[in-house]
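Trainee: Mind looking over this structure? Questions follow.
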Amino acid sequence: MTARRILVTSALPYANGHIHLGHLVEYIQTDIWVRFQKLRGNRCIYICADDTHGTAIMIRARQEGRSEEALIADMRESHLGDFAAFGVEFDNYGSTNSEHNRRLCHQIWSKLRDADLIAEKDVTQLYDPKAETFLADRFVKGTCPKCQASDQYGDNCDKCGATYTPADLINPVSALSGATPELRTAKHLFVQIEKLHDWLNEWTQSGQHLQDEVANYLKGHFLCDPLRDWDVSRPAPYFGFEIPDSPGNYWYVWFDAPIGYIGSTAEWCEKHGETLDDWWACGPEAESRGAEIHHFIGKDITYFHTLFWPAMLKKADFRQPDRVHIHGFLTVDGEKMSKTKGTFIQAATYAKHLEPAYLRYYYASKLGARLDDLDLNLEEFATKVNSDLVGKVVNLASRTARFVEAVGLSSVYPDDGGMFAEAAAQAETIAAAYDGCDYNGAMRLIMGLADRANRYVDEKAPWTLRKDPAKASEVQDVCSVTLNLFRQIVVYLAPVLPKLVQQTERLLQQPIQNWNDSQTPLVGTGVAKFEHLMQRVELAQVQAMIEDGIQAAPETTPVAAAALNQWNDGPEALAAEPLVAEHCTIDDFVKVDLRVARVVAANEVVGADKLLQLTLSLGGEGTRNVFAGIKSAYKPEDLVGRLVILCANLAPRKMKFGISEGMVLAAGAGGKEIFLLNPDTGAKPGHRVH
RNA sequence: GGCAAGGUAGCUCAGUCGGUUAGAGCACAGGCUUCAUAAGCCUGGGGUCGCGGGUUCGAGUCCCGCUCUUGCUACCA
């Protein structure tokens, strides 16, 4: 078999957030594939980079009062640390904000120009005059024009489902500055991808490059109609590369992000004395050299990687991907990751509590070639790791290595009834599963081998043989067989568990460097003093991680971060009165009958220091007499006529000055700091608060 | 509404070209073992393969209809 030359990428993580367990599905999936290819003796390079451009980065840098460059430099360090912790090993980790990338963007752009694919059109968008920037739909909030629901995003309403443009919103507000946006028109540049429709039909439907479901999806959603022009420019200010032949306009982040794959490769080539053409050239000459390009991505960015990207490469005379491997999303305990449930777990939080190898194995045992979502069931996670890795695999070494520490492995491989040979014969089947991204199938086969080996140990019972000094060599033989079976399994698991490989090399004092190490048993070599290879997972550790996840400052979305910082809100209030940890059920909540009420009269209470006496109306049903401890902050005459929120079913309470028939709701620390709640305009006395 | 992918043991999933009695792991029950990190081994219970029809000597597998779940998309196929 001749060695393949394979360039592999994972999607570029955005420099606006930390790596979390969802990201890791992809990086672990890719890393396993890369390690597998390398182990097979193929020439394989794993290329990635930070995706650094765009509005979100610009806004965040502004809010944090520093340069974009400083922000992305920090985030790069964080990303690299997380990847290292999880054994994700890139051959090159670049940045889209690099000179290589700029040069390539220029090059590809001029090719697209030459191919007459670029069109200019006016685009009218909301503009934030205060922040001096155009606003993407999700940076605008306002009232839905259809159902009047407030606080809706600029593209659609999640109350009534209506879709509209941000300009239709009632009372639109910029999420960046709080300013009222205005309509402005600017020139944008578009790629007329429709001109490649026929070619894309062929490329996507050939069965070579995509999973079938993905090909069907593209056919049904995009390729059945003319492809819309793709808006690839943004007017200044924008953190990115300025378009050379259109000053004042910048390439949209999704234009230069995938080019980052090539830019990062260029960086690698420079370090290793190779040329880009060795990997990215297309045409018959390049074809004969046979480099392959494999992208691993999540299903959310299918669109960019399977239509625009191949089209761009095609027209710019670069090699198009041989395969785009698309995976699903991560759920935790069957649900989308949630910050409040603590299941939105950052890589760093996980690594603080649990061994990264566990996650690598768990993901491997769940990943198949399809784009199904993957569920991280925390209980299954613990039992799977414990029973498969500790109970089956590592146990093989743990139950035999000690018996042969002194004598090492037998100098001739003993008769094992053909077990080693049979397992060796499965190498190609297991390899095919890895190569086809069916890690789940591979893990199943490998665990079958571990089961078999454990049965062998049981039958031979070396601990019994050991009691008879005459059978010493038999003990050595049994342990030699077992440790060789163990080592064979470790070779098969090497792409998933690199650390276990190192430990095994140390234990059996021989390197593991190639898939073929599974084909030949070790004989006559030494065995080091046994040390535990892997610890069991305690459910408590998992729980501790979840709790930590809840505590850890939840990562805010760019919009929220920008909106938050803008108000300068501090943590003092929360610190003074921490959140109630215990949940209340919806049933608990509905027991409290909150109502809108109008203050029809308010009086001082003679003899009371803190109380005001309020007469409240709920519309019908007469009035309520309520004593409220708000004298320090409100004057009676300021209250008359206004609306308040009343807990209407609070048990009546006899007080020194009369009976209080409810409680008005207020926030604040006390004293002057008391703030009554009032509903937005439109609420009527008697309305229940839900 | 449209498109796509699914529905197999309590849970997570295999099941090739239609072919013997439908499998694995986990969980559960009973037993064995005590080398091993409460690890290991054996035995067992547990299935209307979503429902209904069809093709066939034979259907989890192929065809049609229905139903439910998930994802995408949306009054446009």
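According to the working numbering, the residues represented by the first sequence are 3 to 692, in order.
From the three backbone atoms N, C-alpha and C, an ideal C-beta is built for every residue, glycine too.
Taking the alpha helix (DSSP H) that P358 falls in, what are its first and last residues?
Mentor: Where P358 is concerned, the enclosing alpha helix (DSSP H) stretches over 358-368.
Trainee: Could you tell me the boundaries of the beta strand (DSSP E) in which N94 lies?
Mentor: Run containing N94: 94-97, per the beta strand (DSSP E) assignment.
Trainee: Below 8 Å CB to CB, which residues in the same chain sit around F224 once its five sequence neighbours on both sides are set aside?
Mentor: These residues qualify, in order along the chain: Y305, L309.
Trainee: Unbroken alpha helix (DSSP H) runs of length 4 or more, entirely within the stretch 604-654: which are they?
Mentor: The stretch 604-654 contains these whole alpha helix (DSSP H) runs: 638-641.
Trainee: Apart from the five residues just before and just after N456, which ones in its own chain have a Cβ nearer than 8 Å to its Cβ?
Mentor: Cβ neighbours of N456 beyond the five flanking positions: K394, N397, L398.
Trainee: Starting from F192, follow its DSSP beta bridges and name the residues at the other end.
Mentor: In DSSP, F192 forms a bridge with A121, D233.
Trainee: Quick one: grab the DSSP three-state call for R7.
Mentor: Looking at R7 - three-state DSSP - the assignment turns out to be strand.
Trainee: Suppose the cutoff is 6 Å on Cβ atoms and the five residues either side in sequence are ignored; what does the same chain contact list for D550 look like?
Mentor: Counting only Cβ-Cβ distances below 6 Å, and skipping sequence neighbours, we find T351.
Trainee: Classify G330 as helix, strand or coil using the three-state DSSP reduction.
Mentor: Coil at G330, not helix or strand.
Trainee: Of the choices L278, P687, E122, A650, whose alpha-carbon is the least far from that of G265?
Mentor: For G265, the nearest C-alpha among the options comes from L278.
Trainee: Starting from the C-beta of Q478, find all residues in its chain whose C-beta is less than 6 Å away, skip the five residues before and the five after it, and write them out in chain order.
Mentor: Taken in chain order, the residues that qualify are V406, V409, S412.
Trainee: For the stretch 417-425 against the stretch 475-495, are there 3 or more C-beta pairs whose distance is under 8 Å?
Mentor: Contact holds: three or more Cβ-Cβ distances are below 8 Å.
Trainee: State the CB to CB distance for the pair L73 and I59, rounded to an integer number of angstroms; the pair is presumed to be in contact (CB under 8 Å).
Mentor: About 6 Å separates the two Cβ atoms, so the contact holds.
Trainee: Tell me whether I295 sits in a helix, a strand or coil according to DSSP, three-state version.
Mentor: Strand, per DSSP.
Trainee: Assuming L2 is part of the beta strand (DSSP E), what are its boundary residues?
Mentor: This structure leaves residue 2 out entirely; the chain is present only between 3 and 692.
Trainee: Considering only their Cβ atoms, is the gap separating L645 from V628 smaller than 8 Å?
Mentor: No, these two residues do not count as a Cβ contact at 8 Å.
Trainee: Which one of H22, V36, G24, N18 has the shortest CA to CA distance from R7?
Mentor: Looking at the Cα atoms, V36 is the closest of the given residues.
Trainee: If you compare alpha carbons, which of L128, E287, T345 is closest to P183?
Mentor: Answer by Cα proximity: L128.
Trainee: In chain order, what residues of the same chain have a beta carbon less than 7 Å from the beta carbon of V601, not counting five sequence neighbours either side?
Mentor: Only L616, L618, L641, V642, G643, R644, V646 meet the Cβ criterion.
Trainee: From C284 to K301, what does the alpha carbon distance come to, in whole angstroms?
Mentor: Answer to the nearest angstrom: the Cα atoms are 27 Å apart.
Trainee: If we ignore side chains and look at the alpha-carbon of each, how far apart do F141 and L613 end up?
Mentor: Distance between the alpha carbons of F141 and L613: 44 Å.
Trainee: Within the continuous alpha helix (DSSP H) that includes W517, where are the two ends?
Mentor: Counting along the chain, W517 falls outside any alpha helix (DSSP H), and DSSP gives it neither H nor E.
Trainee: Is the separation between the beta-carbon of D93 and that of I30 shorter than 8 Å?
Mentor: No, Cβ-Cβ distance for D93 and I30 is not below 8 Å.
Trainee: Would F346 and H22 be called neighbours here (beta carbons separated by less than 8 Å)?
Mentor: Yes, they are a contact pair.
Trainee: With a threshold of 8 Å, are at least 3 pairs of Cβ atoms found where one atom belongs to the stretch 225-234 and the other to the stretch 184-204?
Mentor: They touch, by the three-pair rule.
Trainee: Can you find at least 3 beta carbon pairs, one from the stretch 318-330 and one from the stretch 358-375, that sit closer than 8 Å?
Mentor: Yes: at least three Cβ pairs fall under 8 Å.
Trainee: Could you pull the DSSP bridge partners for W253 from this structure?
Mentor: The partner list for W253 (beta bridge, DSSP) reads S235.
Trainee: Mind checking whether R597 and A650 have CB atoms under 8 Å apart?
Mentor: Taking 8 Å as the Cβ cut-off, R597 and A650 qualify as a contacting pair.
Trainee: Please state the DSSP three-state secondary structure of R401.
Mentor: DSSP places R401 in coil when its eight states are reduced to three.
Trainee: Give every residue of the same chain whose Cβ lies closer than 8 Å to the Cβ of E675, excluding the five residues on either side of it in the sequence, and list them in chain order.
Mentor: Closer than 8 Å at Cβ, skipping near neighbours: A635.
Trainee: Please look up how many angstroms separate the CB atoms of Y252 and Y240, rounded, as I've assumed it's under 8 Å.
Mentor: Sure, about 4 Å apart at Cβ, within 8 Å.
Trainee: Taking 8 Å as the threshold (C-beta atoms), are M536 and L391 in contact?
Mentor: In contact: L391 and M536 (Cβ atoms closer than 8 Å).
Trainee: Would you mind giving the Cβ-Cβ distance between T522 and L510, rounded to the nearest angstrom? I have them listed as a contact below 8 Å.
Mentor: That pair is no contact at about 13 Å.
Trainee: One question on the structure: do P358 and G89 come within less than 8 Å of each other, judged by their Cβ atoms?
Mentor: Yes. Within cutoff.
Trainee: Taking contact to mean 3 or more Cβ pairs, one atom from each stretch, closer than 8 Å, check whether the stretch 313-321 and the stretch 99-116 are in contact.
Mentor: Yes, since at least three Cβ pairs between the stretch 313-321 and the stretch 99-116 fall closer than 8 Å, the two stretches touch.
Trainee: Going by the beta-carbon positions, is the gap between A17 and T57 smaller than 8 Å?
Mentor: No, the Cβ-Cβ distance between A17 and T57 is not below 8 Å.
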